[in-house]
Amino acid sequence: MSDEVTYDDAAEAEVIRGESRSDAPALEGDPGLGCHSGSEMEKAARMAGQSDLLDQYARDYPTGPHDKPQSMCPAFGSLRVGLRMKRVATVLSGSACCVYGLTFVSHFYGARRSVGYVPFNSETLVTGKLFEDIRDSVHQLADPDRFDAIVVTNLCVPTASGVPLRLLPDEIDGVRIVGIDVPGFGIPTHAEAKDVLAGAMLNYARQEAEAGPVPKPESGVSDRPTVTLLGEMFPADPVVIGQMLDPLGLAAGPVVPCREWRELYAALDCGAVAAIHPFYTAAVREFETAGRPIVGSAPVGHDGTAAWLAAIGDAFGLPADKVATAQNAFLPAIRGALAAAPIKGTITLSGYEGSELLVARLLIESGAEVPYVGTACPRTPWSEADAEWLRAKGATVKFRASLEEDCAAMEGVKPDLAIGTTPVVQKAKELGIPALYFTNLISARPLMGPAGAGSLAEVMNAAIAGKSRMDHMRAFFEGVGEGDTAGVWEGDPNLRPEYRAQNLKKLEKQQRARKAQEMI
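Start counting the sequence shown at 1; every next residue gets the next number (our numbering).
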């Protein structure tokens with residue numbers, strides 16, 4: 001009889017075990033493996049009994065031409081969602097370097113609370129002691145006076161090793177325990193990792209609501225039918241959307257991801273869901289299970305607002321004249337704001353936030369020419385209306401766009417302004433093209449209704465007008481920090497072209513040998 005002290009009966013649950021193999025890939029301590037070694041890590045995860053999880057992720061977040069994350073670690077998305085919620089604790093299980101990086105970035109973006117970490121080594125990982133350590137940590141952390149929920153996240157290595165968070169108790173002393181796996185080899189972008197946690201929380205809250213009465217949010221409940229807003233957005237946008245819904249006799253509900261647990265109940269108790277960001281597949285599944293209709297696109301620009309209000313009216317079965325009243329109340333103001341703040345120039349746009357198509361619509365209605373729109377997020381039914389509108393305006397829309405495709409579009413078009421991720425912006429500035437970072441400079445502005453119609457013009461026009469300054473700087477620094485002059489030199493570098501030629505021949509010989517081997 002064991003004298004081990006246990007908190008629950010999780011140790012008695014049946015654990016799925018994979019068959020041992022001599023050629024199984026090593027996980028811990030192998031410098032060749034990481035979040036970008038997707039095939040080997042995925043192989044290990046399936047051997048560890050994670051096939052159902054990975055198959056579900058493959059359905060929810062289908063990959064594109066590339067199967068590796070090209071943004072920051074995807075787990076940052078779910079980490080940020082948890083850290084923004086009141087009375088929610090976050091615990092990470094993963095390699096120390098990964099946890100350090102995620103913690104650093106979370107605090108860089110304004111997190112003001114601790115991130116829990118359960119360390120491990122090869123022994124605790126292989127023997128199952130890591131799961132026991134995680135279970136002990138949540139029991140120690142579960143204080144109902146401090147927390148409504150604890151989120152435990154498996155990163156790449158624990159997921160690939162099959163650490164079974166599903167065996168954690170659902171709640172401890174009234175504190176909910178939510179376990180999720182967010183591996184870099186299963187979640188393509190950090191934006192979609194937000195959906196992993198949002199969907200898991202909605203699933204938990206939906207089951208609570210189905211089981212009996214639940215408490216109302218601290219902010220109260222609207223006496224009107226509500227529209228839940230799906231997707232993180234600028235704080236003023238939900239307010240503007242609420243104003244546009246008012247003539248319809250509706251109100252804006254909570255924004256998912258939510259800021260407190262009780263808002264999840266109110267989000268589920270809505271009349272319809274507006275998929276402002278259309279990639280929240282797991283969250284949409286929970287809303288559909290709850291019987292809530294989903295409305296795509298968003299009230300951006302003149303055309304977008306008119307179509308969105310009509311779609312909301314259809315979802316609630318409202319009469320056409322009531323919808324027309326709401327449209328007439330806001331469309332003239334939007335048209336006026338667009339006319340008062342025109343944007344002149346050619347712009348390429350790319351990003352990984354999920355709102356790229358909405359921003360592109362607003363730019364085109366402001367007068368800009370937008371030949372290319374790339375988003376790292378996948379195509380979904382709720383983004384089709386935006387994609388069709390953009391294509392009708394002459395834009396090429398690329399879902400699951402890679403960094404290489406975004407850079408190629410920018411270099412091919414040579415726009416007056418490039419909007420994109422950090423490496424796209426860096427490449428553009430090297431070419432003397434004005435560029436703006438999408439996440440910090442575009443996402444941090446209102447986009448909806450009359451407030452959003454003129455919000456982009458000032459920063460866009462100022463950037464485009466800076467082309468001459470870019471040309472001057474590029475001419476001044478021409479040849480510096482490029483090719484052989486990269487790095488710090490007191491004099492001219494010693495060039496050895498004969499070594500380069502010799503190394504090139506060696507590489508060509510190796511390539512011919514590989515091709516010959518493939519033919520055998």
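Note that the Cβ used here is the ideal one computed from N, Cα and C, for glycine as well.
Spatial distance of residue i from residue j (CA atoms)
| i | j | result |
| --- | --- | --- |
| Q534 | V284 | Any property of residue 534 remains undetermined from this structure, which presents the chain solely from 1 to 520. |
| D145 | V81 | 21 Å |
| S71 | Y352 | 8 Å |
| D143 | D246 | 41 Å |
| T380 | T103 | 31 Å |
| E589 | L358 | There is simply no residue 589 to check, as the chain begins at 1 and stops at 520 in what is shown. |
| P31 | E40 | In this predicted model, P31 has a pLDDT of only 39, less than 50, meaning its place in the structure is not dependable; the value taken from the coordinates is given anyway. Approximately 13 Å between the Cα atoms of the pair. |
| A461 | L436 | Residue identity differs from the one stated: residue 461 is Asn in this sequence, not Ala. Straight-line Cα distance between these residues: approximately 11 Å. |
| R224 | T289 | 22 Å |
| A408 | F438 | 17 Å |
| C270 | R292 | 7 Å |
| E508 | E482 | 25 Å |
| Q502 | A282 | 54 Å |
| L417 | K393 | 18 Å |
| A465 | F477 | 20 Å |
| G242 | L250 | 8 Å |
| E518 | R512 | 10 Å |
| P74 | K467 | 34 Å |
| V397 | P299 | 20 Å |
| K216 | L331 | 35 Å |
| D303 | M448 | 12 Å |
| S106 | K86 | 16 Å |
| T63 | V182 | 15 Å |
| G29 | R514 | Annotation note: pLDDT 42 at G29 (below 50); position unreliable, coordinate value reported separately. Answer to the nearest angstrom: the Cα atoms are 28 Å apart. |
| E210 | W382 | 27 Å |
Of the residues the options, the one placed nearest residue i, counting alpha carbons only
| i | options | result |
| --- | --- | --- |
| Y265 | P213, I464 and A376 | P213 |
| G90 | L431, V221, D223 and I134 | Looking at the sequence provided, one finds Thr at residue 90 rather than Gly. Nearest of L431, V221, D223 and I134 to T90, Cα basis: I134. |
| E286 | L338, K216, A205 and S366 | A205 |
| G432 | L441, T439 and P415 | P415 |
| T189 | A453, D60 and H107 | D60 |
| A341 | L363, L331 and I347 | L363 |
| A198 | L331, E218, V151 and L165 | V151 |
| R440 | G449, E430 and L456 | The sequence given here places Asn at residue 440; Arg does not occur at that position. Selected option, being the one with the closest Cα: L456. |
| V115 | T127, V99 and G128 | V99 |
| L141 | V118, M473, Q207 and K429 | V118 |
| G354 | Y280, Q426 and P450 | Y280 |
Beta-carbon gap between residue i and residue j smaller than 9 Å
| i | j | result |
| --- | --- | --- |
| P254 | A267 | yes |
| V227 | V295 | yes |
| A274 | I312 | yes |
| S443 | F234 | yes |
| A463 | P434 | yes |
| R262 | R84 | no |
| T348 | D386 | no |
| P257 | K194 | yes |
| E356 | G336 | no |
| V459 | R445 | yes |
| T452 | D237 | For the sequence presented, residue 452 should be read as Gly rather than Thr. Yes; because the gap between Cβ atoms is below 9 Å, this pair is in contact. |
| P378 | A395 | no |
Rounded Cβ spacing between residue i and residue j (contact assumed at less than 8 Å)
| i | j | result |
| --- | --- | --- |
| A376 | R400 | 7 Å |
| V424 | S350 | 6 Å |
| S95 | V157 | 5 Å |
| P169 | I177 | 6 Å |
| V77 | A200 | It should be noted that the sequence gives Gly, not Val, for residue 77. That belief does not hold up - the Cβ atoms of G77 and A200 are roughly 13 Å apart, past 8 Å. |
| A326 | L338 | With 8 Å as the limit, A326 and L338 do not qualify as a contact, their Cβ atoms being about 19 Å apart. |
| A307 | S297 | 7 Å |
| V88 | D148 | 6 Å |
| E42 | L54 | 6 Å |
| V323 | L248 | 7 Å |
| S161 | A48 | 6 Å |
Residue range of the beta strand (DSSP E) that includes residue i
| i | result |
| --- | --- |
| Y372 | E369 to T375 |
| I334 | No beta strand (DSSP E) holds I334; the alpha helix (DSSP H) holding it covers A320 to A340. |
| P254 | A251 to V256 |
| A437 | Per the sequence shown, the amino acid found at residue 437 is Tyr instead of Ala. Y437 -> beta strand (DSSP E) spans A435 to Y437. |
| R176 | V175 to D181 |
| A149 | A149 to N154 |
| F399 | T396 to F399 |
| T90 | V88 to S93 |
| V227 | T226 to L230 |
| T348 | T346 to G351 |
Segment limits, alpha helix (DSSP H) that includes residue i
| i | result |
| --- | --- |
| F279 | Where F279 is concerned, there is no enclosing alpha helix (DSSP H), given that its DSSP letter is neither H nor E. |
| A451 | G449 to A453 |
| V105 | A96 to F108 |
| V126 | S122 to T127 |
| V240 | A236 to L245 |
| G301 | G301 to F316 |
Proximity test, Cβ basis, 9 Å: residue i and chain D
| i | result |
| --- | --- |
| E518 | Although the question refers to chain D, the structure presented lacks it and comprises just one protein chain. |
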